[in-house]
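What follows is one structure encoded as structure tokens, with my remarks underneath.
There are 2 protein chains.
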Amino acid sequence: MSLFFEDLEVGQTWHAGPHTMERDRIVEFAREFDPQAQHLSEEAAAGSMFGELVASGWHTAAVSMRLMQQAAAPILDSGAIGAAIEGISWPEPVRPGDVLRTESEIVELRLSRSRPDRGLMKLKTTTRRADGVVVQVMTGVIFVPRRND
Amino acid sequence: MSLFFEDLEVGQTWHAGPHTMERDRIVEFAREFDPQAQHLSEEAAAGSMFGELVASGWHTAAVSMRLMQQAAAPILDSGAIGAAIEGISWPEPVRPGDVLRTESEIVELRLSRSRPDRGLMKLKTTTRRADGVVVQVMTGVIFVPRRND
């Protein structure tokens, strides 16, 4: 079932996960996109500000995006697409073996002024480790089609 | 040579690239992190809002991060680390074969109130295709160590 703009309400929430952050994928992702000492090996990370191997924030963001899409699949089925990101913060690090889950909540809905066939949804996605600690908060703006009655 | 907070000035700019967005890497990245029709195959994309295969915005963001790091390596050498993202927008799509370049400019510098050993740098990174069209604007906040005199 597809969800259109008219089907959404502020406060609606979707959950997704778990996703385990594998040590080797953390290192591979970092080699390709974010080759800083704290992401590349235990040895290199020991001398960094973190003192241990941690995942790139971009890896956490990409995994969170995937989880959010699984949870909010009915909205994406309607043809919704990402417009922009309003913020990402990484309050605590993600380590090898951490199990991540996401919670995505609609925090704002409004009609588009320029495009009467769609609305804007602001979605806040919080990513947590298994111990409940928040490792990422991301707020995105997504275009959602209106129902075509 | 490492650059510390005291070595930086608002307006300083770094350039990086080129990086070619390969068709198969676009599809692989999307399969892992952003499996929407417009990123997965030419056939699936034909029925999407884009009508053609385009890269995930998260792929463009990760590539831009890598380019930014190459250009700003002297700052990262000092032990600087990303604190947060204040915004990412994707005004135009990235297609297979597009050649990307980045321009990163310091737009704000201030001392940390809580941590006298470091400052905050706000860095705006603009990613362009070979034809000069802007495909991404990302503003990040980075902690930069102060010189240890």
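From first to last, the protein sequence lines stand for chains A and B. Its first residue numbered 152, the first sequence is counted upward by one per residue in the numbering used here. Its first residue numbered 152, the second sequence is counted upward by one per residue in the numbering used here. From the three backbone atoms N, C-alpha and C, an ideal C-beta is built for every residue, glycine too.
Best match in the options for proximity to residue i [C-alpha to C-alpha]
{"i": "M200 (chain A)", "options": "B:F180, B:T278 and B:A234", "result": "B:A234"}
{"i": "R261 (chain B)", "options": "B:R280, B:F184 and B:K273", "result": "B:K273"}
{"i": "G283 (chain B)", "options": "B:M152, B:D249, B:E194 and B:V292", "result": "B:D249"}
{"i": "E243 (chain B)", "options": "B:T276, B:G208, B:P186 and B:S229", "result": "B:G208"}
{"i": "P146 (chain B)", "options": "B:K275, B:L271 and B:V245", "result": "Outside the modelled stretch of chain B, which goes from 152 to 300, sits residue 146 (chain B), for which no answer is possible."}
{"i": "S255 (chain B)", "options": "B:R246, B:T211 and B:A167", "result": "B:A167"}
{"i": "I239 (chain A)", "options": "A:I232, A:M216 and A:E259", "result": "A:M216"}
{"i": "T164 (chain A)", "options": "A:A188, A:V258 and A:A213", "result": "A:V258"}
{"i": "L251 (chain B)", "options": "B:E160, B:T211, B:I226 and B:R266", "result": "B:T211"}
{"i": "G162 (chain A)", "options": "A:T276, A:I236 and A:S153", "result": "A:T276"}
{"i": "P186 (chain B)", "options": "A:R182, A:T278 and A:A213", "result": "A:A213"}
{"i": "A222 (chain B)", "options": "B:E157, B:T278 and B:Q287", "result": "B:T278"}
{"i": "Q287 (chain A)", "options": "A:R269, A:A206, A:V178 and A:I232", "result": "A:A206"}
{"i": "V285 (chain B)", "options": "B:N299, B:R264, B:R246 and B:I293", "result": "B:R246"}
{"i": "I236 (chain A)", "options": "A:D158, A:L154, A:S153 and A:G291", "result": "A:G291"}
{"i": "L218 (chain B)", "options": "B:R298, B:S229 and B:P169", "result": "B:P169"}
{"i": "S153 (chain A)", "options": "A:G198, A:F294 and A:A224", "result": "A:A224"}
{"i": "G230 (chain B)", "options": "A:A188, A:S229, A:D228 and A:I232", "result": "A:A188"}
{"i": "W241 (chain A)", "options": "A:N299, A:D158, A:M289 and A:F180", "result": "A:M289"}
{"i": "A281 (chain B)", "options": "B:T253, B:N299 and B:R266", "result": "B:T253"}
{"i": "E183 (chain A)", "options": "B:Q220, B:G202 and B:V178", "result": "B:Q220"}
{"i": "I293 (chain A)", "options": "A:R266, A:I232 and A:R264", "result": "A:I232"}
{"i": "A181 (chain B)", "options": "B:L159, B:L204, B:R266 and B:A197", "result": "B:L204"}
{"i": "E160 (chain B)", "options": "B:D268, B:N299, B:I226 and B:R264", "result": "B:I226"}
{"i": "D158 (chain A)", "options": "A:R266, A:G198, A:D228 and A:R264", "result": "A:D228"}
Under the three-state DSSP convention, the category residue i falls into
{"i": "W165 (chain B)", "result": "strand"}
{"i": "V205 (chain B)", "result": "coil"}
{"i": "M289 (chain B)", "result": "strand"}
Contact test: residue i Cβ vs the ligand FMN heavy atom, cutoff 8 Å
{"i": "A281 (chain A)", "result": "As far as ligands go, the structure on display features none, and thus does not contain the ligand FMN."}
Practice item. Please name the residues in the stretch 257-275 of chain B whose beta-carbon is closer than 7 Å to at least one beta-carbon of chain A, in chain order. Key: none
Check your understanding: What residues in the stretch 184-197 of chain A bring their beta carbon closer than 8 Å to a beta carbon of chain B?
Key -> F184, D185, P186, Q187 and Q189
Practice item. Could I get the ranges of all uninterrupted alpha helix (DSSP H) runs contained in the stretch 227-283 of chain A, with 4 residues as the minimum, in chain order? Key: none
Point to revise | At least 3 beta-carbon pairs within less than 8 Å: the stretch 187-201 of chain A vs the stretch 162-179 of chain A | key: With a cut-off of 8 Å, the stretch 162-179 of chain A and the stretch 187-201 of chain A count as touching, because enough Cβ pairs lie within range.
Practice item. Anything in the stretch 225-259 of chain B with a Cβ closer than 8 Å to a Cβ of chain A? List those residues in chain order, please. Key: Residues passing the 8 Å Cβ filter: L227, G230, I232, G233, A234, A235, I236, E237, G238, I239, S240 and W241.
Check your understanding: Can you give, in chain order, each stretch of the alpha helix (DSSP H) that sits fully within the stretch 154-198 of chain A and has at least 4 residues?
Key -> Within the stretch 154-198 of chain A, the complete alpha helix (DSSP H) runs of at least 4 residues are 174-184, 188-191 and 193-197.
Practice item. Residues of the stretch 277-290 of chain A with a CB closer than 8 Å to any CB of chain B: list them in chain order, please. Key: For the stretch 277-290 of chain A, the set of residues with a beta-carbon nearer than 8 Å to any beta-carbon of chain B is empty.
**Study point:** Cβ-based contacts, 9 Å cut-off: residues of the stretch 200-219 of chain A near chain B
**Key:** M200, F201, S207, G208, W209, H210, A212, A213, V214, M216 and R217
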